[in-house]
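Worksheet: one structure, shown below.
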Amino acid sequence: MNNNLQQQHDRTMVRVQQGLVRRYRQEKRFQRIGLGAIVLGLVFVSFLFISIIANGYTAFQQTYVKLDINFDPELIAPVGETDPEVLSKANYGGLVKKTMREMFPDVSSRREKKVLYGLVSTGASYQLRDMVMQDPALIGTRQSVWVPADDDVDMLIKGHIDLNVPESDRRIKNNQMVWIQSLQAEDRIEKRFNTTFFTAGDSREPELSGIKGAVHGSFFTLMICLLISFPVGVAAAVYLEEFAPKNRWTDIIEVNINNLAAVPSIVFGLLGLAVFINFFGLPRSVPLVGGLVLALMTLPTIIIASRAALKSVPPSIREAALGVGASPMQTITHHVLPLAMPGMLTGTIIGMAQALGETAPLLMIGMVAFIVDIPGGPFDPSAVLPVQIYLWADSPERAFVERTSAAIMVLLAFLISMNLLAVWLRKKFERRW
Amino acid sequence: MHSSTLIIVLLGFMTLAYYMGRKRSLNLVSGRVRDLHSLPSYYGIHTALWCGVPALILFVLWISFEGAVVTGMVVDNLPQEIQELPPERLNLVLNDIRNLAQGDIVSQAVDETMQGAADHYSSLLRISDMALFVVALSVAILGGLFAQRSINRHQRARNRVEKAINFFLVSSSSLAIFTTIGIVLSVLFESIRFFQQIPVTEFIFGLEWSPQTAIRADQVGSSGVFGAIPLFAGTFLITLIAMFVAVPIGLMSAIYMAEYAGKRFRALAKPVLEVLAGIPTVVYGFFAALTVAPFFRDMGTSLGLSVSSESALAAGVVMGIMIIPFVSSLSDDVINAVPQAMRDGSYGLGATRSETIRQVIIPAALPGIVGGVLLAVSRAIGETMIVVMAAGLSANLTANPLEAVTTVTVQIVTLLVGDQEFDSAKTLAAFALALVLFTITLALNMIALHIVRKYREQYE
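Going down the list, the protein sequences come from chains A and B.
FYI, the numbering for the first sequence is 1329 to 1761, going by this note's numbering.
FYI, the numbering for the second sequence is 798 to 1257, going by this note's numbering.
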């Protein structure tokens, strides 16, 4: 009998032992799948960053061509002319063309000449105009000037154009290749840091376009957004957390805030279109309206974070203040709010980062217009950084691809520094009670 | 800027009013603060509020209605035949007048009446600006003076200020409600107007979507059919692909983070994964269109498949990548909320870790996980930029992920971006789509939040 039990026990042990190998194998496999999932996620992050950086880093350089410009008084204005009216209207494009003709005297047919002129950017004539306007004494002299090259030339120099493709499918033709090679032989082509990218607004010409207008637009939009959403968000959080009676109305408000946090952002854009633009008649594509829409969108984030910050202030602080005779409002403004402020600021920065990257609602309120001027205030039409990225991503020119990636790098740099600031704030002021 | 100067001047006045009110209260009791009802600074704030708030309210109202009033006055002065134009033509004329007044390019030849109207328009704007400046400042001065005069020893300044603050707090928290009401009303009204032109049944059950309405009668392919089924199908397909990517990866990484990962690995991997959550969607869209879609297309070609360069697959996969951190952080929360006692019980019976996870933790956390997935689905449905940049524009009723499909959000964007007349069925259709989008995401959120809350209560 005892023996029988022993046998049974042994059998069970054998089965358990046999199963154990399988179970441990399963355990290993499961753990590997989990690790694989995380590694896959990390691979995605790095792949995304590598692809953006690899596409975009070249945009921080721009190809320039050296031209020996003869500031011909016949083409501009007589020597000694200083009237800005006359100087600004002179034929600087002709000056560039004439120089190009002189450099390549054997180009004769009309069509070839046109192709030749296309080697330098149309921005070259503006550059010459600014030079002459600044220093009219240049008229009649001969100067070496570095002017931006056309975007196709730029792409060739950066190696983005495959020369093995048949000529008809190539943006750079064989005759252009010959000219560019002779320019290179004379050291007349050079890559320099692309300052235009940071100092210009949008442009149809990739080599003349920059992100300054979009950065300014984003700044004004975020300012409006912050000015509205921060005080209102904090006030709402204070009311709900400290003063609100527990009743139906506050229940509705709470459910509402949680739901608003999950409403698709594009719906906020439609709200802005219907209310701010069609009902109040505010102008389209201005940072004011963009900021208002984004403020409504980020409010739930700020309210939720601020409430968490208020919750973390221990009740003893309130009781002490009330005990020495402060009114409830004084308790909050003098004692609770300052202690909760770091948490609220962290939440606000995260909300602002979210607003900075938001695109869809701004498309709805017309912030997709092509705007060259750099906005000077929240009432000027402007683009914002993410919308600029969207617009450039839609452009067919190869040169805009690298500019899009570069603009994304700038946007990500802003976002990462905002998030780091939030983390730093939290670390620095975090308090355990 | 005119209005920003006004704001700055008003702020200056408020500061001045603060000091004047404070000083007067101190003077009244010749410096003996104990004789005052409230602290002197409350009298200051009270005066400053009286000075600033009415003027600011006036300013906001003025700015809000200035455009409409001025436009109305310009229209009243236009010749009869222009006034009787249909609304959209009249709008065009008004736009020209505005552009002319600002010195921009106009769409038609400038004649005498146009120039006159533009001059009238800009002079009205100037007058309005001046009037606002004068009126707002005098309101501020009068308000400040009134409050300063009324200060006396027994005035309950603190209570009044606190009442004002309380009013601000209550109205701030009600803004959430007004936003929701605003969304519902703005979407609903336009949708009703849409459904007056297109029957609801055709919209919801129609199999063909082609919103371009013909300008000329003989145009081909511009029928203006609004059957939204292909859009719903496309949205569903892309969401499904995204979930196939996001749920396994997100869930498994959450499980690994919560149950297996060491402290240092966690501290390193978690923030990196959270980076994915902070990347703007327009960046994902660019990534999808530039890198992922061509990659899938080339891979398809080498396998002998024809993959569209705007395939649902590319958009869906990238959207899935975007949602991974969302799923993983929600699952992480619910997995951590499962009480340790349940794990210990399972280990005590001899279960391995993976068995504990699969047979104890996941079943216990399931409601929370389902809630999180539902939130992720609502996120994917409402996601706009990735699909606008990487998915197609033409409505294709297909279940093949290698073909191009379009989604609800893509159509809203294409219908509303660019020139629009506000009464055409085409524009109104966008609002009807938004109504559907809002309703579905709202329902999903409600259900998800309900499940998550129920689940939390269970273990607390």
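C-beta: ideal position from N, C-alpha, C; glycine also.
Residue i, DSSP secondary structure in three states
| i | result |
| --- | --- |
| Gly1369 of chain A | helix |
| Arg1764 of chain A | Within the shown structure, residues of chain A are numbered from 1329 to 1761, placing residue 1764 of chain A beyond reach of any answer. |
| Leu889 of chain B | helix |
| Leu1100 of chain B | coil |
| Arg1140 of chain B | helix |
| Phe862 of chain B | helix |
| Glu1254 of chain B | helix |
| Met798 of chain B | Confidence in Met798 of chain B is poor, its pLDDT being 47 and thus under 50, which makes the residue's placement too unreliable to answer from. |
| Thr1523 of chain A | coil |
| Phe1399 of chain A | coil |
| Val1042 of chain B | helix |
| Gln880 of chain B | helix |
| Gln1009 of chain B | strand |
| Ala1418 of chain A | coil |
| Ile1702 of chain A | coil |
| Glu1355 of chain A | helix |
| Pro1198 of chain B | coil |
| Val1770 of chain A | Chain A is shown only over 1329 to 1761; residue 1770 of chain A falls outside these bounds and no answer can be derived. |
| Thr1450 of chain A | coil |
| Val1473 of chain A | strand |
| Lys1394 of chain A | strand |
| Val1210 of chain B | helix |
| Glu1518 of chain A | strand |
Rounded separation between residue i and residue j - CA only
| i | j | result |
| --- | --- | --- |
| Thr1224 of chain B | Phe1023 of chain B | 12 Å |
| Leu803 of chain B | Phe930 of chain B | 7 Å |
| Leu897 of chain B | Leu858 of chain B | 26 Å |
| Asn1332 of chain A | Arg1339 of chain A | 11 Å |
| Ala1066 of chain B | Gln1359 of chain A | 16 Å |
| Asn1242 of chain B | Lys1519 of chain A | 53 Å |
| Ser1126 of chain B | Phe1000 of chain B | 37 Å |
| Gln1255 of chain B | Gly1031 of chain B | 38 Å |
| Val1114 of chain B | Ser983 of chain B | 33 Å |
| Asn1747 of chain A | Met927 of chain B | 44 Å |
| Ala1222 of chain B | Arg957 of chain B | 52 Å |
| Met1054 of chain B | Glu1071 of chain B | 13 Å |
| Met798 of chain B | Glu1570 of chain A | Unreliable positioning characterises Met798 of chain B in this predicted model, as indicated by a pLDDT of 47, which lies under 50. A coordinate reading is not provided. |
| Leu1691 of chain A | Phe1596 of chain A | 11 Å |
| Ser988 of chain B | Ala1229 of chain B | 5 Å |
| Val1202 of chain B | Ile1159 of chain B | 35 Å |
| Ser1103 of chain B | Arg1516 of chain A | 46 Å |
| Gln1658 of chain A | Met1625 of chain A | 30 Å |
Interface partners of residue i on chain B, CB under 7 Å
| i | result |
| --- | --- |
| Asn1492 of chain A | Near Asn1492 of chain A there are no residues of chain B at all, since even the closest Cβ is about 18 Å away, more than 7 Å. |
| Ala1732 of chain A | According to the sequence shown, residue 1732 of chain A is Thr rather than Ala. Neighbours of Thr1732 of chain A on chain B, chain order: Phe1083. |
| Pro1714 of chain A | Pro1077, Val1079 |
| Met1692 of chain A | Leu1213 |
Contact list for residue i against chain B, beta-carbon separation under 9 Å
| i | result |
| --- | --- |
| Leu1743 of chain A | Gly1075, Ile1076, Pro1077 |
| Ala1721 of chain A | Val1079, Gly1082, Phe1083, Ala1086, Leu1087, Met1186 |
| Asp1685 of chain A | It should be pointed out that residue 1685 of chain A corresponds to Gly in this sequence rather than to Asp. Residues of chain B passing the Cβ test: Gly1075, Ile1076, Pro1077, Thr1078, Val1079, Val1080. |
Partners in chain A for residue i, counting only beta-carbon separations shorter than 9 Å
| i | result |
| --- | --- |
| Ser801 of chain B | Gly1705, Pro1706, Phe1707 |
| Arg955 of chain B | Ser1655, Met1657, Gln1658 |
| Thr1206 of chain B | Pro1592, Ile1594, Ala1688 |
Residues that residue i contacts on chain A, provided the C-beta gap is smaller than 8 Å
| i | result |
| --- | --- |
| Leu825 of chain B | In chain order: nothing, as chain A lies at least about 22 Å away. |
8 Å contact criterion, which residue i and residue j should meet: CB distance rounded
| i | j | result |
| --- | --- | --- |
| Val1591 of chain A | Thr1036 of chain B | In fact, because the Cβ distance is near 17 Å, the residues do not count as touching under 8 Å. |
| Ala1173 of chain B | Val1135 of chain B | With a Cβ gap of about 20 Å, Ala1173 of chain B and Val1135 of chain B do not count as contacting. |
| Val1185 of chain B | Gly1117 of chain B | Actually they are not in contact, since the Cβ atoms of Val1185 of chain B and Gly1117 of chain B sit about 17 Å apart, beyond 8 Å. |
Proximal chain A residues relative to residue i, where beta-carbon distance stays under 7 Å
| i | result |
| --- | --- |
| Tyr1053 of chain B | Gly1362, Leu1363, Ala1365, Ile1366 |
| Ser1175 of chain B | Ala1590 |
Contact list for residue i against chain B, beta-carbon separation under 8 Å
| i | result |
| --- | --- |
| Arg1351 of chain A | Thr1149, Glu1152 |
message = Tell me which residues of the segment 1563–1579 of chain A have at least one Cβ-Cβ distance to chain B shorter than 9 Å, keeping chain order.
response = Cβ contacts with chain B: Ala1563, Ala1564, Ala1565, Val1566, Tyr1567, Leu1568, Glu1570, Phe1571, Ala1572, Trp1577, Thr1578.
task = Identify each residue in the segment 1024–1049 of chain B for which the Cβ-Cβ distance to at least one residue of chain A is less than 9 Å, and report them in chain order.
result = Shown in chain order are the members of the segment 1024–1049 of chain B whose Cβ falls below 9 Å from a Cβ of chain A: Pro1045, Ile1046, Gly1047, Leu1048, Met1049.
message = Short of 7 Å Cβ to Cβ, which residues in the segment 1649–1673 of chain A face chain B?
response = Of all residues in the segment 1649–1673 of chain A, Ser1655, Met1657 have a Cβ within less than 7 Å of some Cβ in chain B.
request  = Please list the residues of the segment 963–982 of chain B that have a C-beta atom closer than 9 Å to any C-beta atom in chain A, keeping them in chain order.
outcome  = Against chain A - using a Cβ distance shorter than 9 Å - the residues of the segment 963–982 of chain B are Asn963, Phe965, Leu966, Val967, Ser968, Ser969, Ser970, Ser971, Leu972, Ala973, Ile974, Thr976, Thr977, Gly979, Ile980, Leu982.
ask   = Using a beta-carbon distance cut-off of less than 9 Å, what residues from the segment 1585–1599 of chain A approach chain B?
value = For the segment 1585–1599 of chain A, the set of residues with a beta-carbon nearer than 9 Å to any beta-carbon of chain B comprises Ile1585, Asn1586, Asn1587, Leu1588, Ala1589, Ala1590, Val1591, Pro1592, Ser1593, Ile1594, Val1595, Phe1596, Gly1597, Leu1598, Leu1599, in chain order.
message = Please list, in chain order, the residues of the segment 1377–1408 of chain A that have any C-beta partner in chain B closer than 8 Å.
response = Residues of the segment 1377–1408 of chain A with a C-beta atom less than 8 Å from some C-beta of chain B are Ser1379, Ile1380, Asn1383, listed in chain order.
ask   = Using Cβ-Cβ distances below 7 Å, what residues of the segment 1111–1141 of chain B are close to chain A?
value = Those residues of the segment 1111–1141 of chain B that come within reach of chain A (Cβ to Cβ, closer than 7 Å) are Ile1118, Ile1121.
request  = Give, in chain order, every residue of the segment 858–872 of chain B whose Cβ lies closer than 9 Å to some Cβ of chain A.
outcome  = Taking 9 Å as the Cβ-Cβ cut-off against chain A, the residues of the segment 858–872 of chain B that qualify are Ile860, Ser861, Phe862, Glu863, Gly864, Ala865, Thr868.
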